[in-house]
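Engineer: Residues in the sequence shown are numbered from 1 upward in steps of one, following the working numbering. Heads up, the beta-carbon is just placed ideally off N, CA and C, and yes, glycines get one too.
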Amino acid sequence: MNLILEFLKFIIFSLGIVTISKYMLVPVLRKISIALKLSPKASGNIAGFATSVPEFLTVSFSAASGLIGTSVYNILSSNIINLIQYIFAIYLNKNQKFLRNRAILIDIFLVIATIIIPLALAIFNVTLGITSVVIFLILLVVFYYINHNVHKIYLEKEDEKIKKEELEEEIEEEKK
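Now the structure itself:
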């Protein structure tokens, strides 16, 4: 009986996170992005950090309570789910043409790398220590550098088009 209650609480809390994200976080982030005239990439980065805070806290609290092994699997499953969501969103919105864009392909490759790395750590039972923190920070900088430059080279036209659409939406909202 206790397990059923815990499972129900898990479902309710998960639905709460989704509801808060959809109806509160995303609209606020969109308004901030429009007000500050942020690029789509900057908006996406802010949304990524904002939606990763609950995951970060979950991993941190799990590790603090002795469930350190869950951290790698949490990150791994999150990255797999994000990749599936990303590709699903592309197909759902009929944006398959973007899959031919080099920046998008490199983004997908980077996401796959973030799946392979924790998977390899789990498969080979790698013990994580301070050295791994340094390695992950270096990887973060390298991934950010690659992503930043690739988007600058290959997605400039798309970014300008999205900015124009957001500006038109902002003008329409002001008219109301």
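Cutting at 7 angstroms between CB atoms, please list the residues of its own chain near I104, excluding the five before and the five after it.
Structural biologist: Position 104 of the sequence shown holds residue 104. Its chain contains F98 as the residues whose beta carbon lies nearer than 7 angstroms to that of I104, once the 5 sequence neighbours on both sides are disregarded; these appear in chain order.
Engineer: Which class does F143 belong to by DSSP, given the choice of helix, strand or coil?
Structural biologist: Here residue 143 is taken as the residue at index 143 of the sequence shown, counted from 1. Of the three classes helix, strand and coil, the one that applies to F143 here is helix, per DSSP.
Engineer: Do you know offhand how far F109's Cα is from E174's?
Structural biologist: Counted from its first residue, the sequence shown places residue 109 at position 109. Counted from its first residue, the sequence shown places residue 174 at position 174. When rounded, the distance between both Cα atoms is 40 angstroms.
Engineer: Pull up the distance between the alpha-carbon of N2 and that of Y73, whole angstroms please.
Structural biologist: The count along the sequence shown starts at 1 and reaches residue 2 at position 2. The count along the sequence shown starts at 1 and reaches residue 73 at position 73. Rounded to the nearest angstrom, the two C-alpha atoms are 25 angstroms apart.
Engineer: At which residues does the alpha helix (DSSP H) containing N79 begin and terminate?
Structural biologist: Indexing the sequence shown from 1 puts residue 79 at position 79. Per DSSP, N79 belongs to the alpha helix (DSSP H) from 69–92.
Engineer: How is S60 classed by DSSP in three states: helix, strand or coil?
Structural biologist: Taking the first residue of the sequence shown as 1, we reach residue 60 at position 60. Of the three classes helix, strand and coil, the one that applies to S60 here is helix, per DSSP.
Engineer: Using CA atoms only, rank isn't needed, just tell me which of L119, A113, T127, G129 is closest to L140.
Structural biologist: Numbered from its first residue, the sequence shown carries residue 140 at position 140. Selected option, being the one with the closest Cα: A113.
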